[in-house]
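Numbered continuously in our numbering, the sequence shown closes out at residue 1515. All C-beta atoms, glycine included, are put in the ideal place defined by N, C-alpha and C. Only a predicted model underlies this, so the values are computations on that prediction, with no experimental measurement involved. Below is one structure, written out as structure tokens, with a few remarks after it.
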Amino acid sequence: MFLMESKWAALCVLAASLLAGCALTPNRAPVEDRNPAMKSAASTPAVAASGAASAPAADAGKLPPGAENAGKPGYYTVKTSDTLIKIGLENGQNPKDLAKWNNLENPNIIEVGQVLRVVPPGPESNAGTTRPVTTARIETRPLDAKPGAASAPVGTAPVATVGVSPPAAAPPPPAAAQRDGDDDVQWAWPASGNVIAPFDEGKVKGLVLGGKAGDPVLAAADGRVVYAGSGLRGYGNLIILKHNNTYLTAYAHNQALLVKEDQSVRRGQKIAEMGSTDADSVKLHFEIRKLGKPIDPAKLLPPR
């Protein structure tokens, strides 16, 4: 009995010591920082924020393309709602030529304030012709040659004499848009309908002719199609013909276009069918533009 009590007491002492050890030295799992980069980024939020804010500030002072040419003759500054088609029509130029002259990768993307060339680039200035370099040959004799004694030449040395260049020619001004003979255009009426609205530079920049849907629309003169589409607001399905360096004609609101860009057409050729696209009724809006400026077609069209 005494032996059992002794063993029980020993077990109690051992259990107590184990519990005390656990309380003093707890067994904790190790902690590993698996994403030090996140910790580093979190510790520097101000740097990231300041970097993001500095980008717009750097772009704020950037000038639109071509801004150095603003105000110069032969250049145009893009305004709100402008398109390359509209700029071409108002300056008497082919939109494709404008895109080429201004190296536009996408002609559908221009920005307000951008400055575009609207006249053909002039020929490069000639750098004045220079006369060719000529050489004179000088005969040399030995130093001890006696006066009057015949002596074979020892050698000859070329001496360059450079011609004087004339002053460089001044750069030519922008090419004049109008050429001799541009006014010799044989005009014809573009449709057989009556005039329902006369020319009014402030409101109607051409003549409005009435008719029925599908009536033929005719080329008013020989020319080339520089635009055929519906990209100019207010004109619907539109055709623009270029007749020479001076004159363009425009035919708007068609229901069908029968020609394509870069196609040559003859006076009186059917190029479209009359319609009411982007209009309140069937009509043909017809413009003649001289150097981009709308003029009264009735002054050029033959009497009926």
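Asked                                                                                                                               : Found
Coarse secondary structure for Asn1280, derived from DSSP in three states                                                           : helix
Neighbourhood of Asn1405 by C-beta distance below 8 angstroms, restricted to the same chain and skipping five residues each side    : Leu1420 and Gly1421
Gly1440 and His1464 closer than 7 angstroms at C-beta                                                                               : no
Inter-stretch contact (C-beta, 8 angstroms, three-pair minimum) for the region 1490 to 1502 and the region 1473 to 1481             : no
In DSSP terms, what Ala1483 is bridged to                                                                                           : Val1428 and Leu1468
Cα-Cα separation between Asp1507 and Gly1272, rounded to whole angstroms                                                            : 44 angstroms
C-alpha gap between Ala1509 and Leu1274, whole angstroms                                                                            : 44 angstroms
First through last residue of the alpha helix (DSSP H) which encompasses Leu1300                                                    : Leu1295 to Glu1301
Residue closest to Gln1466, alpha-carbon to alpha-carbon, out of Leu1452, Tyr1446 and Asn1456                                       : Tyr1446
Rounded C-alpha distance that separates Ala1310 from Glu1412                                                                        : 28 angstroms
Residues that DSSP places opposite Gly1333 in a beta bridge                                                                         : According to DSSP, Gly1333 bridges with nothing at all.
Whole-angstrom C-beta distance between Leu1495 and Val1428, which should lie under 8 angstroms                                      : 6 angstroms
Which residues DSSP lists as bridging Asn1456, in chain order                                                                       : Answer is none; Asn1456 lacks a bridge partner.
Straight-line Cα distance separating Gly1299 from Leu1511                                                                           : 22 angstroms
Which listed residue (Gln1325, Leu1468 and Asn1302) has its alpha carbon closest to that of Pro1331                                 : Asn1302
Where Ala1371 falls, given that 16 or more other Cβ within 10 Å makes a residue buried                                              : With a pLDDT of 48 at Ala1371, under the threshold of 50, the modelled position of that residue is not reliable, and no figure is offered here.
Distance, Arg1435 Cα to Asp1473 Cα                                                                                                  : 6 angstroms
Segment limits, beta strand (DSSP E) that includes Lys1504                                                                          : Lys1504 to Ile1506
Cut-off 8 angstroms between Cβ atoms - residues of its own chain near Pro1247, not counting five sequence neighbours on either side : Reliability of the predicted coordinates at Pro1247 is poor, the pLDDT of 42 falling under 50, and the value obtained from them is presented with this limitation in mind. Excluding sequence neighbours, Pro1247 sits near nothing in its chain.
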